[in-house]
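Numbering-wise, my numbering puts 80 at position 78 of the sequence shown, and it's gapless, one number per residue. The structure under discussion appears below in the form of structure tokens.
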Amino acid sequence: MISSTDSVQSQQVVEQLSLPYPFLFDPDCNIFRRYGVGQALGAPLPAQFVINCESRITFRHLFSFVDSNAELDTILAELDQLAE
């Protein structure tokens, strides 16, 4: 997961929620921009990506007002394809 908050704030969230996966702190939003994630009021909008072992994006869902997040079944199907 990538967070646009600073490492102190993000680490507090990680600890409070006992999140079991790695976090990347990107308070300057450099990574968000490189991935083409939109912004609203200076903050990055939600987006989901599936990245394969060769560091290639195999699935991308960028926020829209119609579909704010990708469907879980869609993401799981993409992950299943990678496992084949």
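Where is the CB? At the ideal position from N, CA and C, for every residue including glycine. Quick caveat, the model's predicted, so the values are computed rather than measured.
Decide if residue i is buried, meaning its Cβ has at least 16 other Cβ atoms within 10 Å, or exposed.
i, result
"D30", "exposed"
"D28", "buried"
"P46", "buried"
"A42", "exposed"
"A72", "buried"
"S70", "exposed"
"S12", "buried"
Do residue i and the ligand GDP come close, with the Cβ less than 7 Å from some heavy atom?
i, result
"L19", "Summarising the ligand content, the structure contains no ligands, and the ligand GDP is consequently not present."
I need the DSSP call for residue i, collapsed to helix, strand or coil.
i, result
"R58", "coil"
"F25", "coil"
"S9", "helix"
"A79", "helix"
"E17", "helix"
"N32", "helix"
Per DSSP, which one or two residues make a beta bridge with residue i?
i, result
"Q50", "H63"
"I4", "L26"
"A45", "A42"
Exercise for the section: Could you tell me whether the stretch 63-77 touches the stretch 27-41, using the rule of 3 or more Cβ pairs below 8 Å? Expected result: yes
Practice task
Count the CB pairs spanning the stretch 41-52 and the stretch 74-81 that are closer than 8 Å, and state whether there are at least three.
Solution key: yes
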